[in-house]
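As structure tokens, the structure follows; a few thoughts come after it.
2 protein chains.
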Amino acid sequence: MRVTPYTPEVLVREVGLRDGIQGIATIGTEDKLAWLALEAEAGVPAFELTSFVPPRILPQFFDAEDVIVKGKQRCRAALAALVLNDKGAQRALASGVDSIVFVISASATHSAKNARTTPHEALAVVRRLIESVLVQPVRPKITGAIATAFGCTYEGRIAPDSVLELAEGLASAGVDDLALGDTVGFAGPRQVGELFARLRNELGDIPLGAHFHDTRGMGMANVLAALEAGVTRFDASLGGLGGCPFAPGATGNIATEDLCFLLDEYGVDTGIDLEKLLAARRWLAQLLPNEPLHGALSRAGLPCAIPT
Amino acid sequence: MRVTPYTPEVLVREVGLRDGIQGIATIGTEDKLAWLALEAEAGVPAFELTSFVPPRILPQFFDAEDVIVKGKQRCRAALAALVLNDKGAQRALASGVDSIVFVISASATHSAKNARTTPHEALAVVRRLIESVLVQPVRPKITGAIATAFGCTYEGRIAPDSVLELAEGLASAGVDDLALGDTVGFAGPRQVGELFARLRNELGDIPLGAHFHDTRGMGMANVLAALEAGVTRFDASLGGLGGCPFAPGATGNIATEDLCFLLDEYGVDTGIDLEKLLAARRWLAQLLPNEPLHGALSRAGLPCAIPT
Chain A
5 MRVTPYTPEV
15 LVREVGLRDG
25 IQGIATIGTE
35 DKLAWLALEA
45 EAGVPAFELT
55 SFVPPRILPQ
65 FFDAEDVIVK
75 GKQRCRAALA
85 ALVLNDKGAQ
95 RALASGVDSI
105 VFVISASATH
115 SAKNARTTPH
125 EALAVVRRLI
135 ESVLVQPVRP
145 KITGAIATAF
155 GCTYEGRIAP
165 DSVLELAEGL
175 ASAGVDDLAL
185 GDTVGFAGPR
195 QVGELFARLR
205 NELGDIPLGA
215 HFHDTRGMGM
225 ANVLAALEAG
235 VTRFDASLGG
245 LGGCPFAPGA
255 TGNIATEDLC
265 FLLDEYGVDT
275 GIDLEKLLAA
285 RRWLAQLLPN
295 EPLHGALSRA
305 GLPCAIPT
Chain B
5 MRVTPYTPEV
15 LVREVGLRDG
25 IQGIATIGTE
35 DKLAWLALEA
45 EAGVPAFELT
55 SFVPPRILPQ
65 FFDAEDVIVK
75 GKQRCRAALA
85 ALVLNDKGAQ
95 RALASGVDSI
105 VFVISASATH
115 SAKNARTTPH
125 EALAVVRRLI
135 ESVLVQPVRP
145 KITGAIATAF
155 GCTYEGRIAP
165 DSVLELAEGL
175 ASAGVDDLAL
185 GDTVGFAGPR
195 QVGELFARLR
205 NELGDIPLGA
215 HFHDTRGMGM
225 ANVLAALEAG
235 VTRFDASLGG
245 LGGCPFAPGA
255 TGNIATEDLC
265 FLLDEYGVDT
275 GIDLEKLLAA
285 RRWLAQLLPN
295 EPLHGALSRA
305 GLPCAIPT
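Chains A and B, in that order, give the protein sequences.
Position in the first sequence counted from 1, then plus 4, gives you my numbering.
Position in the second sequence counted from 1, then plus 4, gives you my numbering.
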């Protein structure tokens with residue numbers, strides 16, 4: 005059995021290997037494992053490592069089982085996989101993944117395009133899947149995630165009430181934690197603060213996570229607003245890798261290194277070594293020379309006093 | 005006499021024409037005035053338009069008097085100029101500028117390099133200059149600004165006590181408002197929130213302004229922290245233009261358009277039309293094709309629902 009990793013005050017979850025690469029060229033399994041190892045070595049405690057969707061839809065995840073089995077051999081970090089349906093849940097359970105992220109979308113249009121279903125049908129499916137996981141003798145942790153929780157390129161703003169209803173549906177099904185995703189980078193800090201405060205008030209103690217994209221530059225402000233509202237888990241991708249095919253000009257997730265810099269300065273413990281994280285980013289830039297990376301810390305480096 | 009412009013809840017002050025261009029190629033007076041007019045037309049209520057430093061040191065400001073006189077003819081916005089010394093103060097008073105920004109630096113090393121003086125000597129000089137402005141029968145407004153208030157590339161972190169002491173020195177001299185500058189992009193939101201909260205507590209009702217650079221991606225989070233601490237004036241430059249010769253890899257000020265997007269979403273009134281502001285940014289990109297511009301909103305555009 006693997007040793008339980010150190011538990012930080014705020015959990016940073018690297019999603020570059022899932023969300024980051026989902027719109028770009030396929031990366032080989034060994035490169036994925038090298039990426040994982042570098043960030044795990046820097047202290048990143050959790051990864052969304054792959055997605056159990058049919059490879060004909062997202063060929064990037066051709067090696068979902070393999071990368072989990074080998075990843076578990078190579079690091080102690082908690083490894084998660086994204087699941088949308090029954091078949092995916094079966095594959096995830098069989099893979100021995102540490103955590104399953106069930107995603108539903110708050111936007112009807114996004115839900116139709118992404119999962120060919122309505123938000124309520126998706127919730128019903130996911131509730132049934134959660135039930136099937138909960139009865140396992142040894143089970144992975146379950147995250148319930150709501151995509152487009154703050155807005156959608158097709159529908160604009162999403163009503164907070166409908167997000168709350170879906171969140172209640174996930175919470176009452178027995179998820180271990182709940183995450184809201186600003187999938188296309190619509191949110192600003194007031195909306196973020198208010199929606200998470202409502203979740204906190206109405207759902208009690210369930211751990212809350214946030215998944216922000218930095219499309220309109222609000223990523224770090226949204227992190228601050230979420231922190232202040234009690235969010236303790238943040239998704240991010242190294243170098244802000246990624247984009248969204250449905251948001252022209254969109255960048256990817258918030259950059260892991262900028263997130264960690266903010267959390268450090270804010271005084272919360274993440275267990276992550278920023279110098280090692282920046283080294284991992286340089287490795288990633290070499291691995292993907294044609295992909296634009298984002299984030300500011302890597303340009304300027306850590307603040308330090310230069311001898312005059 | 006010019007009609008007093010509309011007073012917004014939070015004042016956005018465009019500093020691109022001063023801080024933004026200070027490290028780049030000289031722009032002609034007519035181009036400066038066109039830039040000013042475009043942003044004033046978008047509703048930007050205040051500009052730091054030039055700097056009264058010797059043109060042999062900063063040739064970009066060769067036309068300081070001219071751009072103020074002509075700028076006042078062409079728009080109703082409040083026009084400010086930066087002043088460091090006696091000669092500059094005389095020129096500023098003679099120019100009819102609406103507002104003088106007196107800058108001192110909290111870092112001894114930055115102060116020595118930037119103004120060839122110590123922070124305390126600079127404070128003494130500025131206090132005397134403020135006195136000379138206050139006795140004018142019709143006088144410009146006076147902003148007291150403290151550069152490198154959060155850190156310095158040469159000295160690292162700056163002690164909050166020393167910033168507070170300088171701020172008290174400026175406030176007691178009779179400035180109309182006080183601004184803190186994160187000149188090299190060292191600050192994070194906790195430091196920002198705490199330092200402005202101390203100023204608010206110890207200096208009472210004096211209006212507070214913030215001047216952030218986005219060097220390490222913390223700009224928008226710092227704005228949020230400052231807003232929550234009661235800051236009501238924010239400096240920014242269109243397209244995040246600028247950089248800092250003393251901070252390798254540094255970007256410029258926070259981007260005006262991203263700042264306004266955050267303020268809009270936060271629900272505070274700025275009086276600024278974001279579409280017109282983005283149009284002004286496109287004009288600026290054409291004016292300075294070789295200067296990298298920053299900011300995220302311009303890439304992705306305003307959030308809107310796309311018909312499916």
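For glycine and all other residues, C-beta sits at the position ideal for the given N, C-alpha and C.
In this text, all values refer to a predicted model and were calculated from it rather than measured experimentally.
Following the DSSP letters along the chain, one finds S176 of chain A in no beta strand (DSSP E) but inside the alpha helix (DSSP H) bounded by residues P164 to A177. Bridge pairing for F106 of chain A: A:V87 and A:G148 [DSSP].
For T121 of chain B, no CB of chain A lies under 8 Å from its own CB, so it is not counted at the interface with that chain. At a Cβ-Cβ threshold of 8 Å, A284 of chain B and E34 of chain B do not count as neighbours. Judged by DSSP in its simplified three-state form, L37 of chain B adopts helix. Neighbours of F265 of chain B in chain A, taken as residues whose beta carbon is under 8 Å from its own, are G192, R220, G221 and M222 in chain order.
For S136 of chain B, the CB contacts under 7 Å within the same chain, skipping 5 residues up- and downstream, are A93 in chain order.
Residue environment for R286 of chain B: exposed (fewer than 16 other C-beta atoms within 10 angstroms of its C-beta). Proximity of chain A to G155 of chain B at the Cβ level (cut-off 7 Å) is accounted for by P307, in chain order. Residue A:G47 holds the alpha-carbon nearest to the alpha-carbon of C79 of chain A among A:N205, A:G47 and A:A191.
For H215 of chain A, the enclosing beta strand (DSSP E) stretches over residues L212 to F216.
In the structure shown, V16 of chain B falls within a strand segment according to DSSP collapsed to helix, strand and coil.
Sequence-distant partners of I276 of chain B (beyond 5 residues in either direction) whose C-beta falls short of 7 Å from its own C-beta, in its chain, are V16, A46, G47, V48 and C264. Excluding the 5 residues flanking it on each side, F106 of chain A has same chain C-beta neighbours closer than 6 Å at V87, V130 and G148, in chain order. The Cβ atoms of G243 of chain A and D23 of chain A do not sit closer than 8 Å to each other.
N226 of chain B counts as buried, since at least 16 other C-beta atoms from the protein chains shown sit within 10 angstroms of its C-beta. The shortest CA-to-CA distance from G185 of chain B to any of B:I25, B:I258 and B:R60 is the one to B:I258.
Classified as exposed, I61 of chain B has fewer than 16 neighbouring CB atoms from the shown chains inside 10 Å of its CB. Shortest Cα-Cα distance from E13 of chain B to any of B:L292, B:V272 and B:E279 involves B:V272. Contact with chain B is absent for A149 of chain A, since none of that chain's Cβ atoms lies less than 8 Å from the residue's Cβ. Contacts with chain A at 8 Å (Cβ-Cβ) include V227 of chain B. From the beta-carbon of G299 of chain B, the residues of chain A found nearer than 7 Å are G221.
By the 16-neighbour rule on beta-carbons within 10 angstroms, R132 of chain B is exposed. Following the DSSP letters along the chain, one finds G197 of chain B inside the alpha helix (DSSP H) bounded by residues P193 to L207. Taking the beta carbon of G271 of chain B as reference, the chain A residues within 7 Å of it are R194, listed in sequence order. P144 of chain A sits away from V196 of chain A, with the two beta carbons spaced by 8 Å or more. The beta-carbon of D262 of chain B is placed less than 8 Å from the nearest beta-carbon of chain A.
A171 of chain A and E206 of chain B have their C-alpha atoms some 43 Å from each other. At a Cβ-Cβ threshold of 8 Å, A240 of chain A and E18 of chain A count as neighbours. Spanning the alpha carbons of A151 of chain B and I108 of chain B requires a straight line of approximately 6 Å. Within the segment 154–186 of chain B, the residues whose Cβ lies closer than 7 Å to any Cβ of chain A are, in chain order, G155, T157, Y158, E159 and G160. For a cut-off of 8 Å, the C-beta gap from A84 of chain B to E52 of chain B is around 5 Å, short enough to register as a contact. If you draw a straight line from the Cα of D67 of chain B to the Cα of N294 of chain A, it is about 43 Å long. Inclusion of D262 of chain A and M224 of chain A in the CB contact set at 8 Å is warranted, their separation being smaller than that value.
Apart from sequence neighbours up to five positions away, the residues of its chain that approach T122 of chain A with a beta-carbon distance below 8 Å are A112, S115 and A116, ordered along the chain. Taking the Cα of V57 of chain A as reference, the smallest distance to any Cα among A:L278, A:F238 and A:Q26 is reached at A:Q26.
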